[in-house]
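J.: For the sequence shown, the residue numbers in mature numbering (1 follows the signal peptide of the UniProt record, and there is no 0) are -22 to -1, 1 to 450. Glycine residues also receive a C-beta, built at the ideal position from the N, C-alpha and C atoms. Just so you know, these numbers come straight off a predicted model, no measurement behind them. Here it is, the structure, as C-alpha cells.
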Amino acid sequence: MNAQRILSTSYMALISVGLLSAANGFAQATNHATIVSKSAPAYSGGNASGDFTSSLPAQQDVHLVVGRSIFVNTKHRLVRVYITNPLILDSYTATPNQVVVTAKATGTSSVIVWDEAGEVQAFLITSDIDVATLRESMKSALPNENVQVNSSEGHIVLTGTTGTGNISDAAMKLAASYSKDVSNAMVINSSTVKQVKLKVRIVEVDRSKLNQFAFNFFSAGGNNLAQTTTGTNPSTVSVTQGGSTGGKNVQITNPLNFLFYSSKLNVGATLQDLQTMNLLQILAEPEIVTMSGQKGSFLAGGEFPFPVVQGSSAGATSISIQFRPYGVKLDFTPVVNIDGTVDLKVAPEVSSLDYTNAVSINGYTIPALSTRHAETQVVLRSGQSFCISGLLDKQTTDSMAHTPGVSSIPIIGALFKSKSLNHSQSELYVIVTPTVVDPLTDNLIPEDPKRGGPMLDVTKFDKDFGEQKKKN
C-alpha cells in the first residue's frame, strides 16, 4: 500500500514538472512570435502525420483583414474557445470540430482552442484594414494622381503629390470610408495649380421703362432669339420675328453683352446702349483671380451697426454693437477639372437698407435689409458665360402734392391736391465668365517699351537720314 502511494506521488510530481516545462515553453514561444504577412484560410491542428502530442504548441501568427474569417479545425470535439480581446475578434462554433474566427476591428488578439483529447491550439491574430482594395479604389477614382496608401493597425496614411487641394480632399473622403483614423500627408505642388479669373457683371434693369420702350427681354413671346450661338465670341446672331426667322442679324462687339430686340423698333440694343438711356444700371464689375479649389469673395457696399442685447448671470443686461455687411456681394469657388472645364459654385447677393420696415429697440432704429440672393453650381469651359436672372424687385410709391394754404380749406381744398401712385419693377441680372489663366514666369514678364525712331521710309527722304541715325 505504501509502495502504491509512493508510486502515485511520483507520477503526480512528474506530471507537474511536465506541465511547468510546457508552460514555460509556451510563454517563450509567445514572446518570440513573428507576424506573417498573409492570411491563413484554414488551419488543422496536429503535426504532419495527424497525431497530436500532449505538449502545448507554439503560438501561430495570422494576419486577417477586418470583416473576413478563418476556420480552425480540431480532430476531436471542441471543449473551449478563448479570445483575449472580444472587441477585435469574434468566434462561432460551426461544427463540433470547427470554429470560425472573424475579425471585427483592427488590432491584435490571441485565440486559444481546447479539445476533448487535451490538445491546445494557440493563434496570435493581427487584424487590419483591406489596404489592397483601397489602393485599387484610389487608382480607379484618381487615375492621374500619385496617391500612396499605407496602413498600420487600422491607421491609414496618405502620401504623394497632387496639383489641387480638391484631389487631396477626395482621397481623404475615400480613405475615410475604410477607416476613421486617416492622416493626410499629401503635398500640393503649387506650380501645377490652375488659376481662374472670374469676370462678373451685376446689372439691374428697369423693366417698367423697358416695357415703355417696347423691349422684350428674352421673353417667350414673338420677339425672341431664333437660335443659340456657338463659340466663345460670336459676332452675329439671327433673330426671329413672330415665330419665323426674319433674317436680321445684330452685331455683338462684346461677348458679355445682352441682346435686346424688338420687332416694333427693329433695333438691337446692348448693355452700353441701355445704360446710356438710363434703362440699365451696372452695380458692379469685379474681376477676381483665385486658385483652383480656393474661395474668392467680393463686397462693394458697407456695414451698418445694430445693437444686440446681452444678459448676464446676475440678471443685468448690456448692449453691444455688431456690424453686418450690405451692398453687392459675391462668393465663388472654382475648381478646374482634369478635362479643362471649370466647376464653378457662385453665390451673388445684392442688399440695401430698408428704412420703411425699420424697428426701434431701446431708442435705436434698426433698418431692415432688402436682399436678392442666388446660389448655383455649374460646369463651364474656359471663356464661356452664363446668366442668373429673374431676381425681381417691385416697389410702389405713393406721393401727394398740394398747394400750401388753399389745400387746407374744407371742401374746396381737395381741388388743390393731387395724389399719384407709381409702380416700378426692376430685375437683377448676373453675368459670370470664368477663364483659366496661368501665372507669368520670370521669362514671360513683358519688358518696358523702348523709344523708337520716327516711322519714316528712308528711301523716300534724305539718304543721309539712316547714316545719321547710326551715328547717333
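(1) Do you know offhand how far F310's Cα is from S115's?
(2) Under 6 angstroms Cβ to Cβ from I90, same chain only, skipping five residues before and after it: list those, please.
(3) Helix, strand or coil, according to DSSP, for M378 in the structure here?
(4) State the beta-bridge partners of G383 as determined by DSSP.
(5) Near L67, what residues of its chain come up, given a Cβ to Cβ distance below 8 angstroms and the 5 sequence neighbours on each side ignored?
(6) Where DSSP assigns a beta bridge to I297, which residues make up the other side?
(7) Within 10 angstroms of the Cβ of T73, are there 16 or more other Cβ atoms? Answer buried if so, exposed if not.
(8) Using alpha carbons as the reference points, say which of G289, R302, G274 lies closest to F282.
(9) Roughly how many angstroms lie between the CA atoms of T295 and K117, to the nearest whole one?
(10) Check N144 in the structure and name its three-state DSSP category.
(11) If I follow the unbroken beta strand (DSSP E) through R359, where does it start and stop?
(12) Just the Cα atoms here: how many angstroms apart are S33 and A95?
(13) Tell me, to the nearest whole angstrom, how far the beta carbon of G361 is from that of S329; I am working on the premise that it is less than 8 angstroms.
(14) So, using beta-carbon positions, are L370 and R185 closer together than 9 angstroms?
(15) Where G138 and S146 are concerned, what is the direct C-alpha to C-alpha distance, given to the nearest angstrom?
(16) Apart from the five residues just before and just after F364, which ones in its own chain have a Cβ nearer than 7 angstroms to its Cβ?
(17) Rounding to the nearest angstrom, what Cα-Cα distance links K175 and I299 in this structure?
(18) So the alpha helix (DSSP H) S118 belongs to, where does it begin and stop?
(19) Excluding sequence positions up to five away, which residues of its chain have a Cβ less than 6 angstroms from the Cβ of S404?
(20) Below 8 angstroms, can you find three or more Cβ-Cβ pairs linking the region 262 to 275 to the region 311 to 327?
(21) Just the C-alpha distance for A392 and S402, rounded to the nearest angstrom, thanks.
(22) Roughly how many angstroms lie between the CA atoms of P326 and H351, to the nearest whole one?
(23) Whole-angstrom Cβ separation of V44 and I107, contact assumed at under 8 angstroms?
(24) Measuring straight from C-alpha to C-alpha, what distance separates residue 471 and H133?
(25) Would you please state the rounded distance, in angstroms, between the beta carbons of I366 and V408? I believe it to be under 8 angstroms.
(26) Residues in the same chain with beta-carbon distance under 6 angstroms from L331, minus the five sequence neighbours each way, listed in chain order, please.
(27) Output yes or no for whether 9 angstroms exceeds the beta carbon distance between V160 and V135.
(28) How big is the Cα-Cα spacing for Q37 and V98?
(29) By the DSSP assignment, the beta strand (DSSP E) with I66 in it spans what residues?
(30) Would you check if the distance between the CB atom of A153 and the CB atom of L120 is smaller than 9 angstroms?
(31) Once DSSP output is grouped into helix, strand and coil, what is the label at G368?
(32) Can you tell which of T84, H54, N63, E123 has its C-alpha closest to the C-alpha of W92?
(33) Assuming Q272 is part of the beta strand (DSSP E), what are its boundary residues?
(34) Considering only the alpha carbon of each residue, which of A262, S385, A379, D416 lies closest to G279?
(35) With a CB to CB cut of under 7 angstroms and the five nearest residues on each side skipped, what residues in its chain are close to K323?
(36) How should L347 be labelled, buried or exposed, when 16 other C-beta atoms within 10 angstroms of its C-beta is the threshold for buried?
T.: Inspection of the coordinates gives the following:
(1) 31 angstroms
(2) Y60, A100
(3) strand
(4) Partner(s): none; G383 has no beta bridge.
(5) I61, V79, T80, A81, K82, S87, V89, I103, S105
(6) V287
(7) exposed
(8) R302
(9) 60 angstroms
(10) helix
(11) Per DSSP, R359 belongs to no beta strand (DSSP E) and is neither H nor E.
(12) Because the pLDDT at S33 is just 48, under 50, the model does not fix this residue reliably, and the point stays unresolved.
(13) The pair is not a contact, with the Cβ atoms about 30 angstroms apart (cut-off 8 angstroms).
(14) yes
(15) 10 angstroms
(16) V356, L358, V410
(17) 37 angstroms
(18) 109 to 119
(19) E182, D184, D371
(20) yes
(21) 27 angstroms
(22) 6 angstroms
(23) 6 angstroms
(24) Residue 471 cannot be examined here, being either before or after the span of the chain that is shown, -22 to 450.
(25) 4 angstroms
(26) P345
(27) yes
(28) 10 angstroms
(29) Where I66 is concerned, there is no enclosing beta strand (DSSP E), given that its DSSP letter is neither H nor E.
(30) no
(31) strand
(32) H54
(33) Where Q272 is concerned, there is no enclosing beta strand (DSSP E), given that its DSSP letter is neither H nor E.
(34) A262
(35) F310, T311, Q355
(36) exposed
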